[in-house]
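Protein chains: 2
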Amino acid sequence: MQSKNVSDIIEKYLKQILAEASHVEIRRSEVADLFHVVPSQINYVIKTRFTIQNGYVVESKRGGGGYIRIEKVKLLDNIEVLDSLLDIIGTSISERDGGSIVKTLYHSQLLTSKEARIILAAIDKDSLMINNDIETANRLRSQILSSVLNHLRFED
Amino acid sequence: MQSKNVSDIIEKYLKQILAEASHVEIRRSEVADLFHVVPSQINYVIKTRFTIQNGYVVESKRGGGGYIRIEKVKLLDNIEVLDSLLDIIGTSISERDGGSIVKTLYHSQLLTSKEARIILAAIDKDSLMINNDIETANRLRSQILSSVLNHLRFED
DNA sequence: TAATATTAGTCAAGATTAGTCAGAGATGAG
DNA sequence: CTCATCTCTGACTAATCTTGACTAATATTA
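If you read the sequences in order, they're chains A and B.
What the first sequence shows, in the numbering used here, is residues 1 to 156, in sequence order.
What the second sequence shows, in the numbering used here, is residues 1 to 156, in sequence order.
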């Protein structure tokens, strides 16, 4: 099962480092040079293979001394509930349904009551209303809830 | 963790002092000489890394005997600082400044690390971007952060 | 008080990184 | 063979760091 494309090879290279260390910090252009590809391909590899769903957290900085840092996080067991809730959230969700999602998470003991209240404050109608546009608020609510749920997959 | 730029190194130097003392007082030109940079780079380091968002208060004096003094403030002792943060949030705030505020709240033990990560997920650019409009995202971020901070203020 | 010396502040240009996006190219299933 | 999807490229964009010329405030000296 040889890797047929460079993206797979770069992925393997990074994961090999991550097998021994909890994180890896690279200079984008150096890794691109190493594999004789354009720098933006590194972004492609990261975007397609080091997602939060797969248990990776990526951060970066531009400018002098810039870097890309990939961290491997430990995924929790028993998170099927997150996937089913993510399906329900979809691309748009009402305040009422969003509140139900948060309650479910609380009752599943994935959130404390304080954490639940923080999220409710964030997806409140007043926080998300722009130009009195309910549909936009619903879209934003789904984006925020999805992002939060994806971060609940792991523990620090 | 190789700080490849001088600003990071100067930041680390100052924070090392602040880890032991509640404040640090420097002569700008001396620190600039120490790291072989122009004096105005010290201003850059302070402006980007020792803001009130980050939990620091800076004062200075020009002329003979001039100095720059950096003080680490404690949120728990200073309700006024929470007000300052709300002022800074205003009606629009960047992802960077918003992130700094959340991290400061965590370091001040007003948030657990999980609570901080939930908020960071909620105010992430990807969560708030609608129609690729950064200014709208900044406005939403300020609304969400204000809501959460006000919630924290009236809690135990 | 006025002139001079001694500090720090501001700002914008240039350098140095990473990010985005649309389109071209490659691959594989049917 | 064709279409859908994945991979790869490069032009353009954005963020961050570094520098230095100019400005402003304060202290000292004449």
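Ideal Cβ positions, reconstructed from N, Cα and C, are used throughout, including at glycine.
Could you tell me which chain A residues have their CB closer than 8 Å to the CB of residue i, listed as they occur along the chain?
{"i": "His151/B", "result": "Arg117, Ile118 and Ala121"}
{"i": "Ile134/B", "result": "Neighbours of Ile134/B on chain A: none; closest Cβ ~13 Å, over 8 Å."}
Counting contacts by CB-CB distance shorter than 8 Å, is residue i in contact with chain B?
{"i": "Gly64/A", "result": "yes"}
Using the C-alpha atoms, what's the distance from residue j back to residue i?
{"i": "Met1/B", "j": "Glu25/A", "result": "Note that Met1/B scores 47 on pLDDT, short of 50, meaning its location in the model is unreliable; the coordinates nonetheless yield the value given after this. One C-alpha to the other measures close to 7 Å."}
{"i": "Ile79/B", "j": "Ser84/A", "result": "41 Å"}
{"i": "His36/A", "j": "Ile118/B", "result": "38 Å"}
{"i": "Ala32/B", "j": "His107/B", "result": "29 Å"}
{"i": "Lys114/B", "j": "Leu120/B", "result": "10 Å"}
{"i": "Val73/B", "j": "Ser146/B", "result": "20 Å"}
{"i": "Arg49/A", "j": "Leu140/A", "result": "25 Å"}
{"i": "Ile93/B", "j": "Asp133/B", "result": "13 Å"}
{"i": "Ile101/A", "j": "Leu110/B", "result": "25 Å"}
{"i": "Val148/B", "j": "Gly55/B", "result": "18 Å"}
{"i": "Gly65/A", "j": "Asp97/B", "result": "20 Å"}
{"i": "Leu14/A", "j": "His23/A", "result": "10 Å"}
{"i": "Arg27/A", "j": "Lys4/B", "result": "11 Å"}
{"i": "Arg153/A", "j": "Gln53/A", "result": "8 Å"}
{"i": "Arg69/B", "j": "Ile9/B", "result": "18 Å"}
{"i": "Lys47/A", "j": "Gln41/A", "result": "10 Å"}
{"i": "Ser29/B", "j": "Gly63/A", "result": "25 Å"}
{"i": "Asp126/A", "j": "His151/A", "result": "24 Å"}
{"i": "Asn131/B", "j": "Glu135/A", "result": "13 Å"}
{"i": "Thr104/A", "j": "Thr51/A", "result": "25 Å"}
For residue i and chain A, any beta-carbon pair shorter than 8 Å?
{"i": "Ser113/B", "result": "yes"}
{"i": "Asn5/B", "result": "yes"}
What residues from chain B crowd round residue i, counting only those whose CB sits closer than 9 Å?
{"i": "Arg139/A", "result": "Ile130"}
{"i": "Asp92/A", "result": "First, the amino acid is wrong: residue 92/A is Ser here, not Asp. None at all; the shortest Cβ gap to chain B is about 12 Å."}
Quick one: which chain A residues come within Cβ less than 7 Å of residue i?
{"i": "Asp124/B", "result": "Ser147"}
{"i": "Ile8/B", "result": "Sequence inspection shows Asp at residue 8/B; the Ile mentioned does not correspond to that position. In chain order: Gly65."}
Interface residues of chain B around residue i at Cβ under 7 Å?
{"i": "Ile144/A", "result": "Ala122 and Ser127"}
Determine the chain B residues that contact residue i at a beta-carbon separation under 8 Å, and present them in chain order.
{"i": "Asp158/A", "result": "Since the first residue shown for chain A is 1 and the last is 156, residue 158/A is missing from the structure and cannot be characterised."}
Hey, residue i and residue j are a contact pair by Cβ (cut 8 Å); roughly how many whole angstroms apart?
{"i": "Glu155/A", "j": "Leu76/A", "result": "6 Å"}
{"i": "Met129/A", "j": "Ala116/A", "result": "Their Cβ separation, rounded to whole angstroms, is 21 Å, which puts Met129/A and Ala116/A out of contact at 8 Å."}
{"i": "Ile144/A", "j": "Ala19/B", "result": "Contact flag wrong, Cβ pair sits at about 35 Å."}
{"i": "Val45/A", "j": "Ser7/A", "result": "5 Å"}
{"i": "Ser142/B", "j": "Gly90/B", "result": "6 Å"}
Say the cut is 7 Å; is the CB of residue i nearer than that to a heavy atom of the ligand GDP?
{"i": "Asp97/A", "result": "Absence of the ligand GDP from the depicted structure is noted, as is the absence of any ligand whatsoever, leaving it without description."}
Original post:
Enumerated in chain order, which unbroken segments of the alpha helix (DSSP H) with a length of 4 residues or greater are wholly contained in the region 68-135 of chain B?
Top reply: 79-89, 95-107, 113-122 and 125-128
**OP:** Just list the alpha helix (DSSP H) runs in the region 20-62 of chain A, keeping only unbroken ones of 4 residues or longer that don't cross its boundaries, in chain order.
**Re:** 28-34 and 40-49
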